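In the working numbering, the protein residues as written are 2 to 372.
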């Protein structure tokens with residue numbers, strides 16, 4: 002059941018001048034919810050680091066709450082799930098980004114906090130090689146309980162979404178516009194099928210907001226931040242996929258790229274990502290699964306350790322961290338990184354996964370303990 006009064010304040014804070022995602026994150030962490038931000042004293046707002054007098058004045062001067070009444074009616078009518086940054090169902094991976102969307106609108110059933118989420122992106126002008134790679138990737142991922150996110154764009158994006166429907170993989174489209182439209186329009190049918198097949202559509206844009214070139218970088222940061230790993234199938238030197246890859250690197254996500262012929266324009270971006278050590282070279286989907294520790298391994302009857310029996314669904318990497326925390330009671334991120342043998346990015350990813358599963362908790366100072 003939606004709390005309309007609370008939603009009104011959550012929508013309002015996204016429209017306050019000078020208040021962007023970074024400031025909203027600061028305010029939400031300090032005050033707990035959007036309503037408390039608007040009810041706070043001007044002096045209290047001014048004292049908050051990163052806010053100051055100008056932003057405090059913008060918050061206290063905001064009065065146009067009635068503009069959201071049509072939006073709320075739309076949300077209720079179409080059973081859209083608004084996810085404010087403090088909502089328990091908000092994609093928790095995004096909270097580890099410095100600029101998470103303040104408010105998301107979600108139409109779908111896929112778990113945005115699932116333990117395994119992969120982003121698949123690429124050029125709008127895909128080749129037969131890229132289409133085949135995408136299809137093979139999704140087919141292989143189908144057996145590993147993965148959710149696939151992409152941007153519902155022409156080319157590799159929509160090929161990935163279609164392959165997910167073919168192989169029964171939940172897939173979420175991240176949009177650069179409101180949920181009252183689909184861009185490009187020819188993807189309306191697949192968007193409907195994605196929702197009907199356990200996937201969904203996600204956006205930070207309100208009803209009535211149309212696709213605009215300035216919105217796509219914002220969309221791309223969600224694709225980059227919501228996943229554990231980002232796979233670039235094909236891309237040129239310039240374009241949205243390269244921007245998304247750089248964002249993912251900045252968010253400490255693992256980036257993978259399929260290499261291509263040096264003469265193919267669609268592969269030049271992937272080759273550059275690999276050459277500059279920004280992406281791991283992928284020759285087959287098994288490379289991605291192996292690096293992320295998502296391989297399915299048969300266990301002989303009676304061979305489980307007591308720890309493995311208690312946590313049968315954990316990966317080997319996750320078990321390494323659990324065992325460390327059992328031994329040390331508490332450990333810093335650096336200790337876990339050094340003692341587990343994992344890379345820094347892998348250690349951060351595993352800790353986040355264990356947090357989402359409720360098995361570890363983060364204490365002040367980035368110290369972790371087993372729950």
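Just so it is clear, CB atoms sit at the ideal spot from N, CA and C, and this is done for glycine as well. Just so we're clear, the structure is a prediction, and the values are computed from it rather than from any experiment.
Query                                                                                                                                                 : Result
Could you round the C-beta distance between residue 317 and residue 294 to whole angstroms and report it? I think they count as a contact, below 8 Å. : 6 Å
According to DSSP, is residue 15 helix, strand or coil?                                                                                               : coil
Kindly identify the DSSP beta-bridge partner or partners of residue 172.                                                                              : 149
Work out the CA separation of residue 354 and residue 30 for me, nearest whole Å.                                                                     : 21 Å
Examine the Cβ distances between the segment 191-209 and the segment 68-76 and report whether three or more of them are shorter than 8 Å.             : yes
For residue 247, which three-state DSSP category applies?                                                                                             : helix
Whose CA, out of 256, 338, 278, lies closest to the CA of residue 123?                                                                                : 256
Which of helix, strand or coil does DSSP assign to residue 259?                                                                                       : coil
Around the Cβ of residue 204, are there at least 16 other Cβ atoms within 10 angstroms (buried) or fewer (exposed)?                                   : buried
Taking 8 Å as the CB-CB limit, is residue 319 close to chain D?                                                                                       : Protein chains in the displayed structure number just one, and chain D is not present.
Taking just the CA atoms, how far does residue 164 sit from residue 26?                                                                               : 36 Å
Could you pull the DSSP bridge partners for residue 291 from this structure?                                                                          : BP columns for residue 291 are empty, so no partner.
Is it buried or exposed, residue 24, if we count other Cβ atoms within 10 angstroms and call 16 or more buried?                                       : buried
My assumption, with CB atoms under 8 Å, is that residue 90 sits in contact with residue 84. Please give the rounded CB distance.                      : 6 Å
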